[in-house]
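A.B. asks: FYI, in the working numbering the residues of the sequence shown are 41 to 320. C-beta: ideal position from N, C-alpha, C; glycine also. Please read all numbers here as calculations on a predicted model, not as lab measurements. Take a look at this one; I'll ask things after.
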Amino acid sequence: MSTDFQRARVLLGARLRELRTEAGLTVRDFAARCGWAPSKVSKLENGKQTAAVADLDAWAAAVGQPECAAELHGRLAGLESTYRSWRRQLAGGHRAVQDALGAQHERTTVFRGFSAAVIPGVFQTPEYARSVLTRYAELHGVTRDIDGAVASRMRRQEGLYRAGRRYRVLVAEAALHTRICTRAVLADQLDRLMSVNGLSTVELGVIPLTADVRIGVGDDFWIHDDRLVIAETWHTEMWLDAADDIALYAKVWDGLSEGAVTGRAAHAVIARARAAIGGF
């Protein structure tokens with residue numbers, strides 16, 4: 041988990057503890073008042089668990105200060121506007137998540153992206169996208185609205201054919217071989233990747249497995265112009281707009297790009313991966 045995220049959660053927990061102690065309640069007494077286990081109170085106060093809105097409402101009521109609920113909601117919103125739990129986001133459906141990304145996409149002219157294990161969404165075929173989204177949906181236990189999410193992702197690809205856009209995308213070679221879908225779907229996906237490699241709006245770099253690299257591959261991320269970074273972990277999607285964060289990810293992208301091949305050399309790496317799958 042991000043250090044910044046944990047720090048923000050600890051600060052929220054400290055405020056919760058302050059409210060409880062000011063009310064003269066022990067952890068056990070407070071837990072009994074809320075109908076919770078004492079361990080939940082301790083986890084929230086020590087930044088070991090992220091509070092839900094309902095938890096904050098109950099907390100404010102239990103300490104006799106219901107007017108504090110708005111303040112606590114603000115603290116939680118500030119935390120979640122940057123670090124967005126996949127489970128919480130997906131509670132609203134997969135299409136809503138894709139539409140939110142699409143809105144940022146519309147505002148962006150130059151993209152710098154990196155993908156370690158799958159083909160980036162902006163280059164995906166519908167069948168490949170459906171497979172990827174389904175696998176991650178199953179991970180988080182939220183499998184509805186996949187078709188809507190696929191349609192939203194496909195609409196985002198219209199930008200590839202829009203004058204003035206620029207997509208500078210790095211893909212680790214391992215992503216070309218990841219069997220997150222059937223062999224036939226992967227074969228079609230690699231054919232698609234080779235075709236977009238020739239678009240005037242696309243600068244595709246592939247980082248070969250044998251490349252000398254200045255920095256190791258890590259989590260996937262996208263830099264939107266110089267105003268926003270959207271990075272992903274298994275648990276969280278991070279939206280980072282601080283200048284220091286953007287500068288760090290730009291430095292990471294530059295380091296990764298030094299190990300990448302582009303143009304015909306990238307095409308050759310993709311073609312080898314495609315040939316390894318065989319014909320259908």
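Report the residue from Val67, Asp265, Val257 whose alpha carbon sits nearest the alpha carbon of Arg147.
C.D. replies: Counting from 1 along the sequence shown, the entry for residue 147 is found at position 107. Out of Val67, Asp265, Val257, Asp265 has the C-alpha closest to the C-alpha of Arg147.
A.B. asks: What's the C-alpha gap between Gly53 and Cys221?
C.D. replies: If you number the sequence shown from 1, residue 53 lands on position 13. If you number the sequence shown from 1, residue 221 lands on position 181. Cα to Cα, the separation comes out at about 42 Å.
A.B. asks: Using three-state DSSP, classify Glu165 as helix, strand or coil.
C.D. replies: If you number the sequence shown from 1, residue 165 lands on position 125. A small fix is needed here, since residue 165 is Thr in this sequence, not Glu. Three-state result, Thr165: coil.
A.B. asks: In chain order, what residues of the same chain have a beta carbon less than 7 Å from the beta carbon of Ser82, not counting five sequence neighbours either side?
C.D. replies: Along the sequence shown, one-based indexing puts residue 82 at 42. Closer than 7 Å at Cβ, skipping near neighbours: Val67.
A.B. asks: Could you pull the start and end residues of the beta strand (DSSP E) that Arg254 belongs to?
C.D. replies: Reading the sequence shown from its first residue, position 214 is the one you call residue 254. Here Arg254 belongs to no beta strand (DSSP E), and DSSP marks it neither H nor E.
A.B. asks: Roughly how many angstroms separate the alpha carbons of Leu51 and Gly245, rounded to a whole number?
C.D. replies: Within the sequence shown, numbered from 1, the residue matching residue 51 stands at position 11. Within the sequence shown, numbered from 1, the residue matching residue 245 stands at position 205. Roughly 41 Å separates the two Cα atoms.
A.B. asks: Where do the N-terminal and C-terminal ends of the alpha helix (DSSP H) with His134 fall, by residue?
C.D. replies: As a working mapping, residue 134 is identified with position 94 in the sequence shown. Where His134 is concerned, the enclosing alpha helix (DSSP H) stretches over 134–146.
A.B. asks: Going by C-alpha distance, which of Ala157, Phe163, Ala77 is nearest Tyr176?
C.D. replies: Against the sequence shown, residue 176 aligns to sequence position 136. Comparing Cα-Cα distances from Tyr176 to each of Ala157, Phe163, Ala77, the minimum goes to Ala157.
A.B. asks: Could you round the C-beta distance between Pro160 and Val209 to whole angstroms and report it? I think they count as a contact, below 8 Å.
C.D. replies: Along the sequence shown, read from residue 1 onward, the residue named residue 160 stands at position 120. Along the sequence shown, read from residue 1 onward, the residue named residue 209 stands at position 169. With a Cβ gap of about 6 Å, Pro160 and Val209 count as contacting.
A.B. asks: Among all the DSSP beta bridges, which residues are the ones paired with Arg206?
C.D. replies: Translated into positions along the sequence shown, residue 206 becomes position 166. DSSP, once it has assigned bridges, lists Val150 as partnering Arg206.
A.B. asks: Across the stretch 196–203 and the stretch 224–235, are there enough close Cβ pairs to call them in contact, namely three or more that are closer than 8 Å?
C.D. replies: They do not touch, by the three-pair rule.
A.B. asks: Looking only at DSSP bridge pairs, what is Gly245 linked to?
C.D. replies: Looking up residue 245 in the sequence shown gives position 205. Paired residues: Leu210, Thr302.
A.B. asks: So, under 8 Å CB-CB, Thr165 and Arg232 are touching, yes? Tell me the CB distance rounded to an integer number of Å.
C.D. replies: Along the sequence shown, one-based indexing puts residue 165 at 125. Along the sequence shown, one-based indexing puts residue 232 at 192. Their Cβ separation, rounded to whole angstroms, is 5 Å, which keeps Thr165 and Arg232 in contact under 8 Å.
A.B. asks: Identify the residues that DSSP records as bridge partners of His264: which are they?
C.D. replies: Stepping through the sequence shown from its first residue, residue 264 is reached at position 224. Paired residue(s): Phe151, Leu268.
A.B. asks: Out of Ala191, Tyr168, His217, which has the shortest C-alpha to C-alpha gap to Ile317?
C.D. replies: Reading the sequence shown from its first residue, position 277 is the one you call residue 317. The candidate whose alpha carbon is nearest that of Ile317 is His217.
A.B. asks: Checking the sheet assignment: what are the DSSP bridge partners for Trp279?
C.D. replies: By one-based count along the sequence shown, residue 279 stands at place 239. For Trp279, which the question treats as bridged, DSSP gives the partners Ile270.
A.B. asks: Residue range of the alpha helix (DSSP H) that Gly188 falls in?
C.D. replies: Position 148 of the sequence shown holds residue 188. Taken as a continuous stretch (DSSP letters only), the alpha helix (DSSP H) holding Gly188 covers 186–196.
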